[in-house]
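Student: Chains A and B, in that order, are what the protein sequence lines are.
According to the numbering used here, the residues represented by the first sequence are 4 to 627, in order.
According to the numbering used here, the residues represented by the second sequence are 4 to 627, in order.
Where is the CB? At the ideal position from N, CA and C, for every residue including glycine.
Sharing a structure, written as structure tokens. Questions coming.
Number of protein chains: 2
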Amino acid sequence: MRNSRELDDDVAYQLSEAGQQLRVDSVRCSAAASSGHPTSSMSAADLMAVLLARHLRYDFADPRAPGNDHLIFSKGHASPLYYAMLKMAGAITDEELLSYRQAGSPLEGHPTPRLPWVDVATGSLGQGLPIGVGLAIAGRDLDQLPYRTWVLCGDGELAEGSIWEAAEHAGHERLDNLTAIVDVNRLGQRGPTRHGWHTEVYASRFAAFGWHTIEIDGHDIAAIDGALTAAAEHAGEPTIILARTRKGRGVSAVEDREGAHGKPLPDPDEAIRELGGDRQLSVEVTRPVPDLRPRRFPVSYGELPGFKLGEMAATRTALGQALAALGKTRSEVVVLDGEVSDSTRTQYFETEHPDRFFECYIAEQQMIAMAVGMQVRGWIPYASTFAAFLSRAYDFIRMAAISRASIRLAGTHAGVAIGQDGPSQMALEDIAMLRAIPGSTVLYPCDANQAVRLTAAMADISGISYLRASRGDTPVIYDADEEFAVGGSKVLRSSPDDQITLVAAGVTVHEALAAADLLAEDKVSARVIDAYSVKPIDAATLRKAASDTGRILTVEDHRPEGGLGDAVLDALAAGAGTLPMVHKLAVREIPGSATPAEQLQLAGIDMVSIAAGAASLIAGRAAL
Amino acid sequence: MRNSRELDDDVAYQLSEAGQQLRVDSVRCSAAASSGHPTSSMSAADLMAVLLARHLRYDFADPRAPGNDHLIFSKGHASPLYYAMLKMAGAITDEELLSYRQAGSPLEGHPTPRLPWVDVATGSLGQGLPIGVGLAIAGRDLDQLPYRTWVLCGDGELAEGSIWEAAEHAGHERLDNLTAIVDVNRLGQRGPTRHGWHTEVYASRFAAFGWHTIEIDGHDIAAIDGALTAAAEHAGEPTIILARTRKGRGVSAVEDREGAHGKPLPDPDEAIRELGGDRQLSVEVTRPVPDLRPRRFPVSYGELPGFKLGEMAATRTALGQALAALGKTRSEVVVLDGEVSDSTRTQYFETEHPDRFFECYIAEQQMIAMAVGMQVRGWIPYASTFAAFLSRAYDFIRMAAISRASIRLAGTHAGVAIGQDGPSQMALEDIAMLRAIPGSTVLYPCDANQAVRLTAAMADISGISYLRASRGDTPVIYDADEEFAVGGSKVLRSSPDDQITLVAAGVTVHEALAAADLLAEDKVSARVIDAYSVKPIDAATLRKAASDTGRILTVEDHRPEGGLGDAVLDALAAGAGTLPMVHKLAVREIPGSATPAEQLQLAGIDMVSIAAGAASLIAGRAAL
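Here's what the structure looks like:
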């Protein structure tokens, strides 16, 4: 039936009945849960009924089939509708539907990939469309497969800037395999949206961003079918279908009324009666083209780059070279950058693998979303920008973890060590931000060879992994064939007489080594640990050092909250027993401009400050 | 001369000479610093020369004059141009100009309010325009003064979604006191921007968002003057001037060339010769209308709300009621919300003080930016949304701290305790995120009376302050007249026999109290501390508890990284001497949906888990 130009009355009636069933099931599961968003589901029910029955190509028995379309509920709170669709498609039972929002059920309040048909978690508005752009790019440029990406958006979320980053990227890329369907029900959580049912406002904007726009009555079955057909057929532009709908459609107690957001219907039984009662419709969803295989890039023999001991090199340079090398041996590795690839050095990858490099311009949220979309399809994305600007996308990183996504983040120009550019460009909260992400890995290399190895290791790390890289050159202190386990550390100085342990990472490793030399002049023996794996941290080595030396001084080019020092304290506290003396050196003031060396000194994290802090601690005083 | 329709040749020549001087000084200070962004300054020099000499109304001797216009460099990297303007206006000397980027100089790599003429720090792109919207709203709706807000943007930063949040807000609000001037020099850091000199692309978009658009040659003095005049005269819409310019304009070695971003010119002396040599022009900037006074709202006698002991109430409800009451006695208090005021309860403020309530819709970055803009003018903004969605604006919060802004954030629906809605709606990283902001204050009340007092206290806290509020009702355990010092804590249970201390905040205070009851049944005496001030934390009370009881168990509805547990560890470590046994209970997995009580139990932070953890710790084992 798909793509037929005309819809006969019988089919239209069946589709309308399917829409009513989706409404009834949305009402039922929300009532069973005593919570949820049935009214936000009911407005989009006709749209989704027509999509599911006539346009989506998806094998619910094989959610990883390469040819499957992708459907993202950017308005994740319409989860009752999504689950009702799963039931109608035969993917879940009615009993499973009614487990909605119960402890242990994968039918969560907002969809997550605990269900095999869900690509990504949504629920933080304005994220589904940007991720859909990533999937559409993957389909056209990486997989080179004919699947379509469909994204159901709410009208309220069009206020999010991330939607316009997505609009720009998709429009400029002419992603005609992407369709956004906006459920313009005119009512947000708190009351009317800015533009109500004025779909022409949204249409003129999306048109200005290069989109094909269609405005329809979202409860007119034939109009919906025509729009979805036109979207699939339109070439050279993404399509947005702006559908005027009524929130709570079909139930007079709530239809188009304020104050009915995010709660079960007041009288579910009466609502179901008004909707024509429960139905037992099922739909046979069109299967995707079988036996498709995603494109993979040819690989060749290749070695990771190596740097000579004593050579000066920036870890960002090593990052870029490692990615370029990794691209040769790993077909799935792709790189995204936020218009700073000359600084992050990911341009080295771009030069060698232009088909797998994606310029995201200055739109960090879209960059992370694109990485999330690409990893849905099995690609191994690295996304890079200045570490400071990853903070722009923190909500996207947070949601990526809930999506159980595996993405690799590289943040360069970390800390005060960047020097003259000043505080706006200095990442000083990034470790705190990334450590707090569940299941994350946080790596912070101090030399180029370590950076190469850790960059390569990230390809095989699940979840959110983060490499913190530095702007300036640092001496190479490890051999090119040295190995660095994730969760490990390196003890760079150690003797039985150690009176204190200096724990450092990144630029402060070199300061700590120099401080140990200064201390040695005063006959103080200091252990030095390179804690390059900040999360997971090498608790065993830290505990042994604490036990051996009794005093720990941590030093980091980061705020004192949530960084290396807190990670060390946590590791020591997690062991049973009493903790040793621990003091932290960190960046406590807001820096200004100065040379890198001056910055370290002013922040009190240079070799002189470390040596002084160590001496104080040994003398039994607080180091601060 | 201002607003004259025609520019005679002599004036045009002088303005062009002024533009050249701004270029020369940009070249000179960047050369002296051996770093900086002269080419990005040179493209906008003519625009700024005309603005400064003929349109800006500003008393550089009195930067806080109420009638002063506001000028924001959203493209903060063009700082050499800004500083050259200050010199030309007589605000700084040539010697001061040449201190650019030196340690100790307030002329930082990107402007910050260490200079009295700078309202806000910029340097993270896409933030200046959103903040400008806040200033323009303040001018029209709060101060009710005729000052204009001028924002210089780069073309590259128009890719940031936050720009479109600002475009939407300003367009919808018809802010005709706001002018954006875009320096379309077509070259980003890494190479060409997406749209090059196609200013019509940007114009059609801004027009679709409700802006008056003007496209000009940004080196045509008369065209610039005409555009700035038209912008100031245009009523009913904000104006955007899209000016086609050439990066590095005037110096052939760099003009319109790639690879010349963010570095001093290769031959500064030759460049200055090519620009016609050094000049000693000064401009007399038009003074603002004198003796203006910003509007203040009438205040009346009012009392903070109080709740009865034992009553059940949500801290978010207390937040809303406290704000409504505060509005009566504090003229400067304003409230912004991200389209969830029914949930955050800031609707109570809106009802009583509609003129001081600002609906920001689902655009958290714009909301924070607006708060930053308003506090520039002396208003006391509170910005509220679900705590989880503050992560959307983390870069704005980070920059607000560098701006030395005083803004109050209220995040509701914190932690797993929200229950069924699931992880996308749960703030579990927010304490980590906010603690890592320099100079921040983080408050987390456990009952309604405490929430009222802390909400009111925030009005007088400098810097970034944050109140974490809960969705569900909790019992009122404090009297309505109890006082809560910022930096304090409350010891809720204490005896000389205490064997362990439970440190909790927010919802876990009630679990800890119940756990203490359970432990008492087993003859274990537990001290209970309500650490409502997470930053600054009450180190003295914690240290005494550690000394008295020897064991500390922290429990928080937050990730284990960067939250209450880390704050406690840090406080104990910062004292000289050996640390006690400390263990943390926190949310370690990604939650699903469940009832609030089930969530606390599944996360291992409910009373039973606390009691079990305490018993383990007392038995000498790790609690985890």
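Measure the beta-carbon distance from A396/B to E367/B and round it to whole angstroms, keeping in mind my assumption that it falls under 8 angstroms.
Tutor: Taking the second sequence and counting its residues from 1, the one referred to as residue 396/B is at position 393. Taking the second sequence and counting its residues from 1, the one referred to as residue 367/B is at position 364. About 4 angstroms; that satisfies the 8 angstroms criterion.
Student: Within the region 559-606 of chain B, note down every full beta strand (DSSP E) run reaching 3 residues or more, in order along the chain.
Tutor: Listed in chain order, they are 584-588.
Student: Inspect the beta-carbon positions of R290/B and R60/B and report whether they are closer than 8 angstroms.
Tutor: Stepping through the second sequence from its first residue, residue 290/B is reached at position 287. Stepping through the second sequence from its first residue, residue 60/B is reached at position 57. Going by C-beta atoms, R290/B is nearer than 8 angstroms to R60/B.
Student: Apart from the five residues just before and just after E20/A, which ones in its own chain have a Cβ nearer than 7 angstroms to its Cβ?
Tutor: For the purposes of this step, residue 20/A is identified with residue 17 of the first sequence, where counting begins at 1. The answer, listed in chain order, is R282 and L284.
Student: In three-state terms, what does DSSP make of K538/B?
Tutor: Position 535 of the second sequence, counting from 1, holds the residue named residue 538/B. In the structure shown, K538/B sits in a strand (DSSP, three-state: E or B).
Student: List, in order along the chain, the chain A residues whose C-beta lies closer than 9 angstroms to that of K587/B?
Tutor: Here residue 587/B refers to the residue found at position 584 when the second sequence is read from its first residue. The contacting residues are D573, A576 and A577.
Student: In whole angstroms, what is the alpha-carbon distance linking A374/B and E163/A?
Tutor: Working through the second sequence from its first residue, we reach residue 374/B at position 371. Working through the first sequence from its first residue, we reach residue 163/A at position 160. So the alpha carbons of these two residues sit roughly 17 angstroms apart.
Student: Taking just the CA atoms, how far does Y447/A sit from R298/A?
Tutor: Translated into the one-based positions of the first sequence, residue 298/A becomes position 295. Translated into the one-based positions of the first sequence, residue 447/A becomes position 444. Between R298/A and Y447/A, the C-alpha separation is close to 33 angstroms.
Student: At which residues does the alpha helix (DSSP H) containing S77/B begin and terminate?
Tutor: One-based indexing of the second sequence puts residue 77/B at position 74. No alpha helix (DSSP H) holds S77/B; DSSP gives it neither H nor E.
Student: Could you confirm whether any beta carbon from chain A is found closer than 8 angstroms to the beta carbon of Y397/B?
Tutor: Position 394 of the second sequence, counted from the start, is the residue given in the question as residue 397/B. Taking Cβ atoms only, chain A reaches closer than 8 angstroms to Y397/B, which makes this a yes.
Student: Start and end of the alpha helix (DSSP H) containing G22/A?
Tutor: Position 19 of the first sequence, counted from the start, is the residue given in the question as residue 22/A. D12 to A36 is the span of the alpha helix (DSSP H), which, as asked, contains G22/A.
Student: Determine the DSSP secondary structure at Y351/A, reduced to helix, strand or coil.
Tutor: The count along the first sequence starts at 1 and reaches residue 351/A at position 348. Residue state, collapsed to three classes: helix.
Student: Is it the case that the region 77-89 of chain A contacts the region 113-130 of chain A, given that we only count it when at least three CB pairs across the two stretches are under 8 angstroms?
Tutor: Output reads yes: the region 77-89 of chain A touches the region 113-130 of chain A.
Student: Apart from the five residues on each side of it in sequence, which residues of its chain come closer than 7 angstroms, Cβ to Cβ, to S344/A?
Tutor: For the purposes of this step, residue 344/A is identified with residue 341 of the first sequence, where counting begins at 1. Cβ within range, chain order: Q350 and E353.
Student: Keeping to the same chain, check which residues put their C-beta closer than 6 angstroms to that of R401/A; ignore five residues upstream and five downstream.
Tutor: The count along the first sequence starts at 1 and reaches residue 401/A at position 398. Here the set comprises nothing.
Student: For the alpha helix (DSSP H) that I480/B lies in, which residues bound it at each end?
Tutor: Here residue 480/B is taken as the residue at index 477 of the second sequence, counted from 1. Here I480/B belongs to no alpha helix (DSSP H), and DSSP marks it neither H nor E.
Student: Can you list, in chain order, the residues of its chain whose CB lies under 6 angstroms from that of L627/B, leaving out five sequence neighbours each side?
Tutor: Stepping through the second sequence from its first residue, residue 627/B is reached at position 624. Here the model assigns L627/B a pLDDT of 42, short of 50, so the residue's position is not dependable, and the following value carries that caveat. Excluding residues within five positions, none has a Cβ falling inside 6 angstroms.
Student: Got a sec: is the Cβ-Cβ distance from N6/A to anything in chain B below 8 angstroms?
Tutor: The residue you call residue 6/A lines up with position 3 of the first sequence. Its pLDDT being 45, under 50, N6/A is placed unreliably in this model, and the value from its coordinates should be taken loosely. No, no contact with chain B.
Student: Once DSSP output is grouped into helix, strand and coil, what is the label at A430/A?
Tutor: Residue mapping note: residue 430/A aligns to position 427 of the first sequence, counting from 1. Strand, per DSSP.
Student: Can a CB atom of chain A be found closer than 8 angstroms to the CB of P563/B?
Tutor: On the second sequence, position 560 is the one that residue 563/B refers to. Closer than 8 angstroms to some Cβ of chain A, the Cβ of P563/B qualifies, so yes.
Student: On the criterion of 16 or more Cβ atoms from any shown chain inside 10 Å, does A303/A qualify as buried, or is it exposed?
Tutor: Stepping through the first sequence from its first residue, residue 303/A is reached at position 300. Here residue 303/A turns out to be Ser, not Ala, going by the sequence shown. Classification for S303/A: exposed.
Student: Please work out which residues of its chain come closer than 7 angstroms, Cβ to Cβ, to W200/B, disregarding the five sequence neighbours upstream and downstream, and give them in chain order.
Tutor: Start at 1 with the first residue of the second sequence, and residue 200/B comes out as number 197. V187, R189 and R247, listed in sequence order.
Student: Decide if G191/B is buried, meaning its Cβ has at least 16 other Cβ atoms within 10 Å, or exposed.
Tutor: Taking the first residue of the second sequence as position 1, residue 191/B is located at position 188. Flag for G191/B reads buried.
Student: Any C-beta of chain B sitting closer than 8 angstroms to the C-beta of S38/A?
Tutor: For this step, residue 38/A is matched to residue 35 along the first sequence. Taking Cβ atoms only, chain B reaches closer than 8 angstroms to S38/A, which makes this a yes.
Student: Taking DSSP as the reference, what is the three-state secondary structure of H40/B?
Tutor: Working through the second sequence from its first residue, we reach residue 40/B at position 37. Three-state result, H40/B: coil.
Student: With DSSP run on the structure shown, which of helix, strand or coil describes L195/A?
Tutor: Numbered from its first residue, the first sequence carries residue 195/A at position 192. Checking the displayed sequence, the identity of residue 195/A turns out to be Pro instead of Leu. In this structure, P195/A counts as strand in the three-state DSSP scheme.
Student: Name the two residues that bound the continuous alpha helix (DSSP H) containing D272/B.
Tutor: Residue mapping note: residue 272/B aligns to position 269 of the second sequence, counting from 1. Note, D272/B: alpha helix (DSSP H), P271 to E277.
Student: Tell me the residue span of the beta strand (DSSP E) that contains E514/B.
Tutor: Along the second sequence, read from residue 1 onward, the residue named residue 514/B stands at position 511. No beta strand (DSSP E) holds E514/B; the alpha helix (DSSP H) holding it covers V510 to E524.
Student: Unbroken alpha helix (DSSP H) runs of length 4 or more, entirely within the region 360-415 of chain A: which are they?
Tutor: For the region 360-415 of chain A, whole alpha helix (DSSP H) runs of length 4 or above, ordered along the chain, are 367-379 and 397-405.
Student: Can you tell me whether DSSP reads R282/A as helix, strand or coil?
Tutor: Taking the first sequence and counting its residues from 1, the one referred to as residue 282/A is at position 279. Coil.
Student: With three or more beta-carbon pairs closer than 8 angstroms as the criterion, would you say the region 226-233 of chain B touches the region 193-211 of chain B?
Tutor: Contact fails: fewer than three Cβ-Cβ distances are below 8 angstroms.
Student: Is R208/B helix, strand or coil by DSSP?
Tutor: Here the question's residue 208/B lines up with position 205 in the second sequence. R208/B falls in the helix class under three-state DSSP.
Student: For T125/A, which residues in chain B fall below 9 angstroms Cβ to Cβ?
Tutor: Here the question's residue 125/A lines up with position 122 in the first sequence. Chain B residues near T125/A: S427.
Student: Applying a beta-carbon distance threshold of less than 8 angstroms, which residues of chain A neighbour Y364/B?
Tutor: Residue numbering aside, residue 364/B sits at position 361 when the second sequence is read from its first letter. What Y364/B touches in chain A: G159, A162, G191, T196 and R197.
Student: On the DSSP bridge list, what partners appear for V337/B?
Tutor: For the purposes of this step, residue 337/B is identified with residue 334 of the second sequence, where counting begins at 1. Its beta-bridge partners are P384/B.
Student: Would you mind telling me which residues of chain B sit closer than 8 angstroms to M436/A, beta carbon to beta carbon, in chain order?
Tutor: As a first step, residue 436/A is located in the first sequence; it is residue number 433 there, counting from the start. Those within 8 angstroms of M436/A in chain B are Y397, E432, A435, M436 and A439.
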